[in-house]
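These notes concern the structure reproduced below.
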Ligand code: FES
Ligand code: FES
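Numbering (the working numbering), first residue to last: 78 to 232.
This is the structure in structure tokens:
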């Protein structure tokens, strides 16, 4: 059994060796998780596993038995509004093609859950495993700073 975005899923024995990235996209239809390199280098497949940013292309289902997974589809409120990180990425122009964005947002969320006021250096450190071929990173760091202030205004 795994939990994805608060829903429980029983994993059939015959797919225990399936990659988490493929399961999320193919079996659950959650295509917000992107597969770029598929070898653990680019970070585009990042999801949260028990609150930690993990590369889903480097995990198989048996690795995450009993774990709570959050994908990009699971971070926004039920009312359809955007998560503060999603809004900040849009407002800062931190998105161009968008392929890296779900992984970036989830790596940033893992950081902000632990560190409510990261420095720009800490943001860069947390995102160093997420490659973006478009934006140049400056606006991405800006967006994470802004989201931190929105999420934790009294820090
Ligand atoms: S697709 Fe997983 S790290 Fe690139
Ligand atoms: S926005 Fe295109 S790879 Fe980052």
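Don't be surprised by glycine CBs; every beta carbon is placed ideally from N, CA and C. Note that this is a predicted model, so its numbers are computed, not measured.
When the options are compared against residue i, the one with the closest alpha-carbon
i           : options            : result
residue 159 : 224, 177, 212, 195 : 224
residue 105 : 80, 173, 132       : 80
residue 198 : 221, 176, 174      : 221
residue 169 : 102, 217, 192, 103 : 217
residue 202 : 157, 102, 188, 226 : 188
residue 193 : 179, 173, 229      : 229
residue 100 : 115, 138, 83, 119  : 138
residue 213 : 123, 195, 175, 154 : 175
residue 108 : 180, 232, 231      : 180
residue 155 : 119, 206, 83       : 83
residue 25  : 219, 157, 232, 215 : Absent from the structure is residue 25, since the part of the chain shown begins at 78 and ends at 232.
residue 195 : 226, 119, 88, 157  : 226
residue 173 : 157, 200, 206, 215 : 215
For residue j and residue i, believed in contact at Cβ under 8 Å, the rounded distance
i           : j           : result
residue 149 : residue 110 : 7 Å
residue 112 : residue 134 : 6 Å
residue 204 : residue 184 : 5 Å
residue 121 : residue 211 : Not really, about 12 Å apart at Cβ, beyond 8 Å.
residue 102 : residue 117 : So it is not a contact: roughly 16 Å between Cβ atoms.
residue 186 : residue 136 : Residue 186 to residue 136, Cβ: 18 Å. No contact.
Hey, is the region 119–128 in contact with the region 157–175, meaning 3+ C-beta pairs nearer than 8 Å? no
Complete runs of the beta strand (DSSP E) confined to the region 136–214 [at least 3 residues]: 145–147
Please list, in chain order, all residues with a C-beta atom less than 6 Å from at least one heavy atom of ligand 1. 112, 113, 114, 115, 117, 118, 119, 120, 121, 122, 132, 134
Stretch-stretch touch, CB-based, cutoff 8 Å, three pairs: the region 139–149 with the region 82–102: yes
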